[in-house]
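Residue numbers (our numbering), protein chains in the order written: chain A, 1 to 382; chain B, 1001 to 1407.
From the three backbone atoms N, C-alpha and C, an ideal C-beta is built for every residue, glycine too.
Here the structure is a predicted model, which means the values were calculated and not measured.
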Amino acid sequence: MIYLDYAAATPVSKKVVQAMLPYFGENFYNPSAAYGPARQVRADYQEAKHRLAQLIGARPAEIVITPGATESINLALFGVKTPVRGDSAVITTSVEHPAVLECARAIGATILPVDEQGRLNLDDLRKNITDDTQLISVGYANNELGTVQNLKEIAEICRLERFRRAERSLGVPLVLHTDASQAAGYLDVNVARLGVDMMTLNSGKCYGPKGVGLLYVRSGTVLEPIIRGGGQEMGLRSGTENVAGVIGFALALEIAEKKRKSEVKRLEILRDNLEKYITTNGAIINSRAKHRLPNIINFSVDGLDAERVVFGLDQRGIQVATGSACAANKGARSHVLTAVGLTPSQADGSLRISLGRGTTTAQIEKFKPILKEVIENEQKFS
Amino acid sequence: MSKNSVKKVYVGMSGGVDSSLSAALLVEAGYDVMGVYMKNWSRDLPGMQCPWAEDLADAKRVAVQLGIPFRVFDFEREYKHLVVDYMIAEYARGRTPNPDIMCNQEVKFGLFLRAALAEGADFIATGHYARTGTGNSGAPVSNAVDFDVEKSFSAFFESPRVPLMAFEKGNQKDFSTKSKHPTTSDDGVSSPTYLLRAKDTNKDQTYFLYRVTAAALARTIFPIGGLTKPEVRAEAKRRGLATAGRRDSQGICFVGNVGIRGFLGQYVEAVAGDIVERETRRVVGRHDGAIFYTFGQRHNLGVGGGLPYYVVGKDMEKNEVYVSTDLNNREFWRAELRLSDRHWINDPPVAGRRYQVRLRHRAPLVDCEFDGETIKLAAPERAVAAGQSAVIYDGEVVLGGGVVLNS
């Protein structure tokens, strides 16, 4: 079996599973309870949050644990007080994950186009910020193309806009959120260096358990909860804490950060090797941004039915994706590939191969001829 | 088979195990096979997500596994018009229609067949539990009867296929003008095609197929009609088909878990009214729309205490539902059933001869005679709701049937 869909899900590392297990068993207590064993669980939970905060350069009080990236994003977008609901309340890009796009559309948003590499044009962003703009949400790294946005520059634009508003005594706050789900383990996710006000991370994409995520909320950012109840997570996300999940998430992110530099180097070599093979066989590489993730290859064979290739590879024990998993499930064409200017037949003929910790040179070498054979075979039916 | 005699078959693939194995058997028998997913319905209902995308993916997965081309035929508009609207209209008239029968008549053996032939197919195939046979009237010879799993399929397909002579009036133009291939057989002899019961008497789906025309049947292959369901599962598993372990779908696909009540509620405005005990004319409860009540139904009357009530009739104009606790009530039992919208696949039944009738899918066959309009049962049977179908059999052969009228 050769798994090449790490952008969809990552296996939970053994160490992480081990660290979580006690919290399903002897340490099952509700961290809000008053007795000793529960207090210990609470301390462990706080310690894990502390570590998460440290890993992204934040303070523990700035971390809101959520049941995953989708809810982090919902909290970020709906939680920001937006008294003005109009097309300029939120600005985002056309290549965001559906979680961002659906929320943005529900609130009312300006959705900015991207260039053919999937990058946001910063002048475009500057021009579209109005006095009513309260939230800018730009994904750090795209899940289909791996394109990395210039978050530092975007943060600088937001900083200057805040100055401008302060000088004119405009009371409207401006918050920058980034969905960094795909970035953890590959890019610098230090919020202080990035200059973002809110950041979404997803444990399930960095070798931690699924169903856990976080939203970093810079202190001073006014946020309203969207889920109410017992007041956990500083009132921003009620519900009994997912202790095991957070313990696992913290350790997973710590390992990912530790391995980051060497993994990036290792995967870049494997990626370039595979990409060269794909190019020489006549496919077009879509993931060709200058700044991009080291683990994602997205390519098109015009006129190919990529879904057939996915099924064909699956029968040979190899897992890859067409476009993004969410788009494939609904049978709809990838909005990301459309946004970067691919024709329908190029988009339908596109595959995403994403490498990860388990990917080896031997796997890539084994994969190459099989990929070629399956594509050639399925082209007959396309 | 030599190259130019390879016949082209369009097989309807639903993503289920029956149609998956059907496609596999056709490939193994040497046909030039095209897999087709008919997209008939994709609307989500409250609390239920329509699984069409998963079904489509499963069908396509199997097509890739078999190495055959695969297409989607989008019949959604036509299906809504021909099947769903019909169903809603029938319910609104106080009847209990059978949308599966309509779907077969209009969509699978209508639209799909015509589209396939128009593209040059020689046959269509579906995963129905049914068989076809040829021969002269009264003594059909089944093509699928002796299907043997071990001996494989070829014997079935090598038997001469039926020429397409017996066109129904409405279909003739579509078939003959759009089909690229000649529709007469090599020997030019015409013998009618019969619809025959499946080998698996428990799964037999001919009740749903009685409105298909002989002309359509002459162009149809039922690859699994000679297999039982356990055999189908075993054969699918043996081939490692991706859908081998899939659960069977239940009921009308688009109504699904919502149930007919939830579905109709989306389309029809129901008005509350009285539930009246038939014998006493006493109001025993209230209903939330007569449309939701079906003859013979026991549950959900909202009538408490005592013996259970059964629906024995309704008056759509008065908006009243009639119930009874007496299972011996003569309204429950019928010795005669008048049929409208009669359809005979070949010759109609002969008056005075003994046949068998099926009043519900999977119901036992019951002895009867038919005088051209009315079925006379050998013994009274639990009656069926108006709008349901009665299908007449002559042994293995499905003659046709009609829609049951109110007494």
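- The C-beta of ALA1121 (chain B) comes no closer than 9 Å to any C-beta of chain A.
- As a beta-bridge residue in DSSP terms, ALA109 (chain A) pairs with A:VAL90.
- Contact check for MET199 (chain A) against THR178 (chain A) passes: the beta carbons are separated by less than 9 Å.
- In the structure shown, GLY1262 (chain B) adopts helical secondary structure according to DSSP, grouped into three states.
- Residue nearest to ALA1214 (chain B) within the set B:VAL1009, B:ALA1272 and B:VAL1397 is B:VAL1397 (criterion: CA-CA distance).
- For VAL1064 (chain B), at least one C-beta of chain A is nearer than 9 Å to its own C-beta.
- The way I'd put it, the stretch 1234-1249 of chain B doesn't touch the stretch 1123-1135 of chain B; fewer than three beta-carbon pairs between them come closer than 8 Å.
- By the C-beta criterion, the stretch 163-172 of chain A is judged not to be in contact with the stretch 183-191 of chain A, since fewer than 3 inter-stretch pairs fall below 8 Å.
- For ARG1219 (chain B), the closest alpha carbon among the candidates B:PRO1069, B:PHE1112 and B:ALA1023 is that of B:PHE1112.
- Interface residue (Cβ-Cβ distance to chain A less than 9 Å): PRO1099 (chain B) is not classified as such.
- Under the three-state reduction of DSSP output, TYR1010 (chain B) falls in the strand class.
- Under DSSP, ASN202 (chain A) shares a beta bridge with A:GLY213.
- Here TRP1333 (chain B) is bridged, per DSSP, to B:ARG1382.
- Within chain A, PHE311 have C-beta atoms less than 7 Å from the C-beta of ARG1061 (chain B), given in sequence order.
- Neighbours of PRO1069 (chain B) in chain A, taken as residues whose beta carbon is under 7 Å from its own, are PHE381 in chain order.
- Judged by DSSP in its simplified three-state form, ILE227 (chain A) adopts coil rather than helix or strand.
- Annotation for ALA155 (chain A): no beta strand (DSSP E) segment contains it, though the alpha helix (DSSP H) segment containing it runs 151-167.
- Assignment of LEU1405 (chain B) by DSSP, reduced to helix, strand and coil, places it in the coil class.
- Straight through space, the alpha carbons of ILE1275 (chain B) and GLU1320 (chain B) are spaced by roughly 6 Å.
- Along the stretch 154-168 of chain A, there is no position whose C-beta sits under 9 Å from a C-beta of chain B.
- The three-state reading of DSSP puts TYR1293 (chain B) in coil, since its state is none of H, G, I, E or B.
- Here the alpha carbons of GLY1035 (chain B) and LEU1241 (chain B) stand approximately 14 Å from one another.
- In this structure the stretch 334-341 of chain A does not touch the stretch 302-311 of chain A; the number of beta carbon pairs closer than 8 Å is below three.
- Contacts with chain B at 9 Å (Cβ-Cβ) include ASP314 (chain A).
- By the Cβ-count criterion, PHE1208 (chain B) is buried, with 16 or more other Cβ atoms from all chains shown falling within 10 Å of its own Cβ.
- At least 9 Å separates the CB of ALA1244 (chain B) from every CB of chain A.
- Nearest C-alpha to LEU351 (chain A) among A:HIS291, A:ILE370 and A:ILE285: A:ILE285.
- Taken atom to atom, the span from the alpha-carbon of VAL90 (chain A) to that of VAL175 (chain A) is near 10 Å.
- Of the residues A:ILE2, A:GLU376 and A:GLU156, the one whose Cα lies closest to the Cα of LEU122 (chain A) is A:GLU156.
- TYR1010 (chain B) and PRO1069 (chain B) have their alpha carbons spaced roughly 10 Å apart.
- Per DSSP, reduced to three states, the secondary structure at LYS1314 (chain B) is strand.
- The stretch 1362-1373 of chain B makes no contact with the stretch 1221-1231 of chain B: fewer than 3 CB pairs, one atom from each, lie closer than 8 Å.
- If you draw a straight line from the Cα of LEU1327 (chain B) to the Cα of GLY1306 (chain B), it comes to about 14 Å.
- A residue is called buried when at least 16 other Cβ atoms come within 10 angstroms of its Cβ; ASP1085 (chain B) does not meet this threshold and is exposed.
- With contacts defined by Cβ atoms closer than 9 Å, GLN40 (chain A) and VAL80 (chain A) do not form a contacting pair.
- The stretch 313-323 of chain A and the stretch 258-268 of chain A do not touch, with fewer than three beta-carbon pairs separated by less than 8 Å.
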